[in-house]
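Colleague: Quick one: the structure is below, questions incoming.
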Ligand code: GAP
């Protein structure tokens, strides 16, 4: 079954994540804070592992990419220069009956997605009918119903893109009305005007007596990289093309923050700005699209779960942009963005700071402002992609059931659990000896409570790829059983081998080599 066929999947994931220490509602004892979440004991490990794989793939594996860690607070002029003060807005619209607030652009995009789904359905039906002889491209180019729907989409997209570019909110509202878009909650079509809403959070720096100044919580980590371009280029003696990577928190006062950790007001980004010679941006844009999709696919979460989506409405800084979309429980949605940002940011910072942010090219003997291709992925969204693609409810041969997180082993929070079969006869001591050896290389845990079957189920629910069981035979011949999470197969191996086998199975090296 496709993930998005299961309407309840997201709900199940939210409650599983809470029950097993992955994600908790923030400040829950005070009834929580909307769209804000805390990562629990397993969540933080998964998050660290995702971040670590990204960092190694982007920084450690590329001689010409280095990392930084810039402050969240930045000089307020940064955000004037970057365009965020004037242009980091979403068009919002309220429903007068339900009093619910929506993003006008999202309402239209969702309407387009519904028409696209009709085309997909038509194609799937025809593919079934024609079998191996089916030519999808030809079908799409000739089928009257598909063509009719495609024409509708094109017409909406054209008007939508124009309205957004010209900030024509009157027409955006008309478009919503003409398309008959109703409030998804109440079904009402009684809409207010469309208004702009700036997404940046602001606060005061310094005490009021000192004359406090207004500063912003960064809405993207990228600007911390741009303002450090020259520092890194000079101190690292970097030559174009080179990249600067950074991970860290970003904040946006989203109009609608929902769908668990998919859209939050406080989230973490992993971004890389790649500085290049002007004119080479399309080549590098394609190059980074390939590199990033390979990084995703290397994790084995299903190649069919990814697709590219080109942006029609380009952000104020981009001349080409696309998303890598993932098949989340709510359907295909943006996971990562790849943007060709031209020299927009560095030029704007030159103008506002009065400092030259250029590169002297020895080959051509000229100075210029580099162009930039960026890759930007939300760590929390990647976390949700991992969690939702790994969650499975299985009925076993004996009729019992289990809930298992088939998280890629390299990312799993706990790599191995060591379980004494019984809590006596020296088995717990032997199990601890094994744990004491394992813990130097992998995150492992000891689990001695409850019957062995229940412990296996608990480790399945956490997503632990290996369980090592210590029994009476272990004391006689130094062997243990190792149980693999997904197949549930068990085999006997020596204690020395078990450590080596687990270290090899969770090693990032083969993945990094495959990139
Ligand atoms: N520097 C470019 C930039 O920030 P973006 O497309 O606005 O581009 C990049 O954001 C990524 O950050 C997105 O693909 C998404 O994964 C993540 N992201 C953006 N807003 C988010 C939110 N409110 N909650 C969680 N993740 C978010």
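Numbering (the numbering used here), first residue to last: 1220 to 1734.
No residue lacks a Cβ here, since even glycine has one placed at the ideal position from N, Cα and C.
Have a look at 1329, 1636, 1651, 1723 and flag the residue whose alpha-carbon is nearest the alpha-carbon of residue 1683.
Modeller: When only C-alpha atoms are compared, the closest one is 1636.
Colleague: Let me know the secondary structure DSSP gives residue 1666 once reduced to three states.
Modeller: Residue 1666: coil per DSSP, three-state reduction.
Colleague: May I ask you to list the residues that DSSP assigns as paired with residue 1310?
Modeller: 1415.
Colleague: Looking only at its own chain, which residues have a Cβ that is under 8 Å from the Cβ of residue 1228, when we skip the five neighbours before and after it?
Modeller: Taken in chain order, the residues that qualify are 1222, 1548, 1607, 1610.
Colleague: Compute the minimum distance between the beta carbon of residue 1526 and the heavy atoms of the ligand GAP, and state whether it is under 7 Å.
Modeller: For the ligand GAP, not one heavy atom lies less than 7 Å from the Cβ of residue 1526.
Colleague: Which first and last residues belong to the alpha helix (DSSP H) in which residue 1462 is found?
Modeller: Premise fails: residue 1462 lies in the beta strand (DSSP E), 1461–1470, not in any alpha helix (DSSP H).
Colleague: Taking residue 1269 and residue 1731 to be in contact with their CB atoms under 8 Å, please state how far apart those CB atoms are, rounded to whole angstroms.
Modeller: Going by Cβ atoms, the distance from residue 1269 to residue 1731 rounds to 14 Å, so no, they are not a contact pair.
Colleague: Compute the minimum distance between the beta carbon of residue 1595 and the heavy atoms of the ligand GAP, and state whether it is under 7 Å.
Modeller: Yes; taking the cut-off as 7 Å, the Cβ of residue 1595 has a heavy atom of the ligand GAP nearer than that.
Colleague: According to DSSP, is residue 1660 helix, strand or coil?
Modeller: Here residue 1660 sits in coil by DSSP.
Colleague: Determine the DSSP secondary structure at residue 1527, reduced to helix, strand or coil.
Modeller: Here residue 1527 sits in strand by DSSP.
Colleague: So if DSSP puts residue 1714 in a beta bridge, which residue, or which two residues, is it bridged to?
Modeller: Answer is none; residue 1714 lacks a bridge partner.
Colleague: With distance defined between alpha-carbon atoms, name the residue in 1460, 1582, 1657, 1408 nearest to residue 1317.
Modeller: Comparing Cα-Cα distances from residue 1317 to each of 1460, 1582, 1657, 1408, the minimum goes to 1408.
Colleague: What did DSSP end up calling residue 1613 once you bin it into helix, strand or coil?
Modeller: Correct three-state label for residue 1613: strand.
Colleague: Is residue 1222 helix, strand or coil when you go by DSSP?
Modeller: Low local confidence applies: a pLDDT of 47 at residue 1222 is under 50, so the model's placement there is unreliable, with the coordinate-based value given in what follows. Residue state, collapsed to three classes: helix.
Colleague: Return the chain-ordered list of same chain residues with a C-beta closer than 8 Å to the C-beta of residue 1742, the five sequence neighbours on each side being excluded.
Modeller: Past the edges of the chain, shown from 1220 to 1734, lies residue 1742, and the structure says nothing about it.
Colleague: What are the uninterrupted segments assigned as beta strand (DSSP E) that are 3 or more residues long and contained completely in the segment 1234–1322, given in chain order?
Modeller: DSSP runs (the beta strand (DSSP E)) wholly in the segment 1234–1322: 1242–1244, 1256–1258, 1284–1286, 1308–1313, 1320–1322.
Colleague: Check residue 1639 in the structure and name its three-state DSSP category.
Modeller: Looking at residue 1639 - three-state DSSP - the assignment turns out to be strand.
Colleague: What does the Cβ neighbour count give for residue 1501, buried or exposed, with the cut at 16 atoms within 10 Å?
Modeller: Its Cβ having fewer than 16 others within 10 Å, residue 1501 is exposed.
Colleague: Using only alpha-carbon positions, find the residue among 1590, 1585, 1551 that is nearest to residue 1566.
Modeller: Measuring from the Cα of residue 1566, the nearest candidate turns out to be 1590.
Colleague: Apply the 10 Å Cβ neighbour rule to residue 1343 and answer buried if 16 or more other Cβ atoms are within range, or exposed otherwise.
Modeller: With fewer than 16 Cβ atoms within 10 Å of its Cβ, residue 1343 is classed as exposed.
Colleague: Using a Cβ-Cβ cutoff of less than 6 Å, which residues in the same chain neighbour residue 1578 once the five nearest sequence positions on both sides are dropped?
Modeller: Excluding residues within five positions, the ones whose Cβ falls inside 6 Å are 1459, 1589.
Colleague: Starting from the C-beta of residue 1465, find all residues in its chain whose C-beta is less than 7 Å away, skip the five residues before and the five after it, and write them out in chain order.
Modeller: Excluding positions up to five away in sequence, the list reads 1286, 1287, 1288, 1289, 1440, 1443, 1444, 1490.
Colleague: When you compare only the Cα positions, how much space is there between residue 1538 and residue 1378?
Modeller: Distance between the alpha carbons of residue 1538 and residue 1378: 20 Å.
Colleague: For residue 1614 and residue 1623, I'd like the C-alpha separation in whole angstroms.
Modeller: Residue 1614 and residue 1623: Cα-Cα distance of roughly 11 Å.
Colleague: Figure out for me which residue from 1359, 1436, 1530, 1642 has the closest Cα to the Cα of residue 1383.
Modeller: The option with the nearest alpha carbon to residue 1383 is 1530.
Colleague: With the cut-off set at 8 Å, would you say residue 1632 and residue 1681 are in Cβ contact?
Modeller: The answer is yes: Cβ separation under 8 Å.
Colleague: Between the Cα of residue 1557 and those of 1420, 1230, 1564, 1544, spot the shortest distance and give me the residue it belongs to.
Modeller: The option with the nearest alpha carbon to residue 1557 is 1544.
Colleague: Is there at least one non-hydrogen atom of the ligand GAP closer than 7 Å to the beta-carbon of residue 1556?
Modeller: Checking every heavy atom of the ligand GAP against the Cβ of residue 1556, one is found closer than 7 Å.
Colleague: Closer than 7 Å to a non-hydrogen atom of the ligand GAP - does that hold for the CB of residue 1486?
Modeller: Yes, the beta carbon of residue 1486 sits closer than 7 Å to at least one heavy atom of the ligand GAP.
Colleague: Quick one, are the C-beta atoms of residue 1448 and residue 1326 less than 8 Å apart?
Modeller: Against a cut-off of 8 Å, the Cβ pair of residue 1326 and residue 1448 comes out as no contact.
Colleague: From residue 1224 to residue 1231, what distance separates their C-alpha atoms?
Modeller: Note that residue 1224 scores 48 on pLDDT, short of 50, meaning its location in the model is unreliable; the coordinates nonetheless yield the value given after this. Roughly 14 Å separates the two Cα atoms.
Colleague: Of all the options 1247, 1368, 1311, which has the alpha carbon lying nearest to the alpha carbon of residue 1336?
Modeller: Ranking 1247, 1368, 1311 by Cα distance to residue 1336 puts 1368 first.
Colleague: In three-state DSSP terms, what is residue 1549?
Modeller: Coil, per DSSP.
Colleague: Nearest-angstrom Cα distance between residue 1733 and residue 1517?
Modeller: Rounded to the nearest angstrom, the two C-alpha atoms are 7 Å apart.
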